[in-house]
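Just add 515 to the spot in the sequence shown (first one is 1) and you have this note's numbering. Structure first, commentary second.
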Amino acid sequence: GDQVILYGELSVYAPRGNYQLIVKTVEFVGIGSLLVKLHELKSKLQAEGLFEIARKKALPKFPKIIGIVTSPTGAVIQDILHVIERRSKGIHILLNPVKVQGEGAAKEIAKGIEDFNKHNACDVIIVGRGGGSLEDLWAFNEEIVVRAIANSIIPIISAVGHETDFSLSDFAADVRAPTPSAAAEICTAEKTQQLHFLSKTESQLRQIIRLKIESNKRQILHIQRHPYISSGYHILSSKFQDMDESRQKLDRSISTCLSQIKLKLDAKTSQMEALKPINQLKTYKEKFLHIDRAIRNGAISHINQRKILLDKGAIANKLDQSMLSEVRQKKGRFQMLLSHLLAVNPKNLLEKGYCILFSEKKDSVILSTHDVEVNQNINILMKDGELLAEIKRKQ
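So, in structure tokens, the structure goes:
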């Protein structure tokens, strides 16, 4: 049932009048060409190692967020949501809506996978669609999709078509699910098993704790029956007496030590009293007063001399010179700014033969050919008047 295109030469067998076709090349068409293309791409990617078991990543045991790359309107998303809602209500779902067949579908699927990885948005990704023909499922055999799955940092479950359908995405994915519903079950199966394991572990821990408490109770009863515990007062009475004697010795030692420290302190105090620097302070005080009087007299004399020098005539002369210097500086600055202003005056440019282009309403200056369109009116300002012109073409 294969459809093929034959390339060759046509000849005629003259004795019987039969036409003969000498075939040189056979080319499959329809589904046959797709199978050939599929086989070639599979061999290429397999040689690169994209399907190796060593590349497969383990699925997370407790996924909190599941990313789904599929059509938002198909039955697939509804089946996945139903299974997850039934098995584990605490999981969040992120849907990246894409086309799953037709032109541009492969690029959308690959981008959806890359977006989840770019933002590290989920713990596991389900990529899939419902059943269909080889042509319907072809987007999941495209190289761009297979490479996106293989390069994903987030584990991916491929769920394309029905159980009998296979695509290159299945080989590149970390896990292949026969259906989208099965993919949802795989995501939540680990959590269901872990919850059962935790429940069992809780029971075992309770049993261990109960046995430990019973063992400790028996040890406490055994210790309480020991002679040192049951007759503790008689054993400790001698220790209490030793402790009283030690405390009395400590009190006597502290009293002796404090007396010695007091004697040393009194001796140091007597020495300090003998070395009081009262006489030195009096001498320093007299020197300070003498210096203070000298400073005051010198300052008054200096101020009087300055007052004589600063008469009215001298002050007026200095003010005149200062104002004259300031006026000269301002005048020079003004002349420099005026020369700059005249240099950039547009009228001077017009006198040299240049012109300035304005829009028709004169609300903006035309600086580039991109600022005008063909058949648009513009104003031209020249040294002796204005012109209204129309743009005929742009070069």
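Yeah, the Cβ is synthetic: ideal placement off N, Cα and C, and Gly gets one too. Computed from a prediction, not measured in an experiment: that's the story for all the values here.
Following the continuous alpha helix (DSSP H) through residue i, name the residue where it begins and the one where it ends.
i	result
R684	According to the sequence shown, residue 684 is Ser rather than Arg. 683 to 687 is the extent of the alpha helix (DSSP H) around S684.
V661	658 to 665
Out of the options, which has the shortest C-alpha to C-alpha gap to residue i?
i	options	result
T588	K783, S603, I581, N611	N611
Y677	H607, L652, I701, N635	Residue identity check: residue 677 is His in the sequence provided, not Tyr. The residue with the shortest Cα to Cα distance from H677 is L652.
G924	E618, D680, E623, F577	For the chain, the structure presents residues 516 to 910; residue 924 sits outside this window and is missing.
L560	I624, F577, S684, I628	S684
R662	L903, R570, R767	R570
K552	Q708, L804, E658, P861	E658
I895	E888, K909, Y869, V889	Y869
Q910	Q850, V889, A904, I893	V889
E567	L550, A687, I606	A687
I906	D899, M897, D886, K898	D886
T694	L902, I738, D594, I881	D594
M897	M851, E650, L864, H737	L864
K877	K862, I893, T884	I893
E866	Q616, G900, M838	G900
K510	K846, A809, S682, D781	Outside the shown range of the chain (516 to 910) lies residue 510, about which nothing can therefore be said.
Q891	S883, L902, R908, L882	R908
Determine the burial state of residue i: buried for a count of at least 16 other Cβ atoms within 10 Å of its Cβ, exposed for fewer.
i	result
C772	exposed
V690	buried
R531	exposed
G643	buried
F712	exposed
L565	buried
G619	exposed
T784	exposed
G627	buried
P578	buried
G545	Reliability of the predicted coordinates at G545 is poor, the pLDDT of 45 falling under 50, and the value obtained from them is presented with this limitation in mind. Exposed, since its Cβ has fewer than 16 Cβ neighbours within 10 Å.
F755	exposed
I671	buried
F655	buried
F849	exposed
S586	buried
A562	exposed
A590	exposed
S816	exposed
V965	As shown, the chain starts at 516 and ends at 910. That puts residue 965 outside it, with no answer to give.
S673	buried
I735	exposed
S718	exposed
S696	buried
V527	exposed
E606	First, the amino acid is wrong: residue 606 is Ile here, not Glu. Flag for I606 reads buried.
A782	exposed
What would DSSP say about residue i, mapped onto helix, strand or coil?
i	result
E618	coil
P612	strand
D784	Sequence check: residue 784 is Thr here, not Asp. In this structure, T784 counts as helix in the three-state DSSP scheme.
H677	coil
F849	helix
F873	strand
A692	coil
L565	coil
L649	coil
N731	helix
N915	The structure shown has nothing for residue 915, since the chain only spans 516 to 910.
I671	strand
G545	Confidence is the limiting factor: at G545 the pLDDT is only 45, short of 50, which leaves the residue's position unreliable, though a coordinate-based value still follows. In this structure, G545 counts as coil in the three-state DSSP scheme.
V880	strand
V889	coil
V527	strand
The beta strand (DSSP E) that contains residue i, what's its start and end?
i	result
V639	639 to 644
A590	No beta strand (DSSP E) contains A590, which is instead part of the alpha helix (DSSP H) from 590 to 602.
L903	900 to 905
N863	First-last for N863: 861 to 866, but that is the alpha helix (DSSP H), not the beta strand (DSSP E).
V584	580 to 585
N892	892 to 897
> Taking contact to mean at least 3 C-beta pairs separated by less than 8 Å, is the stretch 664 to 674 in contact with the stretch 605 to 621?
Replying inline: Inter-segment contact for the stretch 664 to 674 and the stretch 605 to 621 is absent: fewer than three beta-carbon pairs are separated by less than 8 Å.
>> Below 8 Å, how does it come out for the stretch 576 to 583 and the stretch 632 to 642: are there three or more Cβ pairs, yes or no?
In response: Segments in contact, yes.
> Are the stretch 620 to 638 and the stretch 590 to 603 touching by the rule of at least three beta carbon pairs closer than 8 Å?
Replying inline: In this structure the stretch 620 to 638 does not lie against the stretch 590 to 603, because fewer than three pairs of beta carbons, one per stretch, are closer than 8 Å.
>> Within 8 Å, do at least three Cβ pairs link the stretch 839 to 858 to the stretch 866 to 882?
In response: In short, these stretches do not touch, since the Cβ pair count stays below three.
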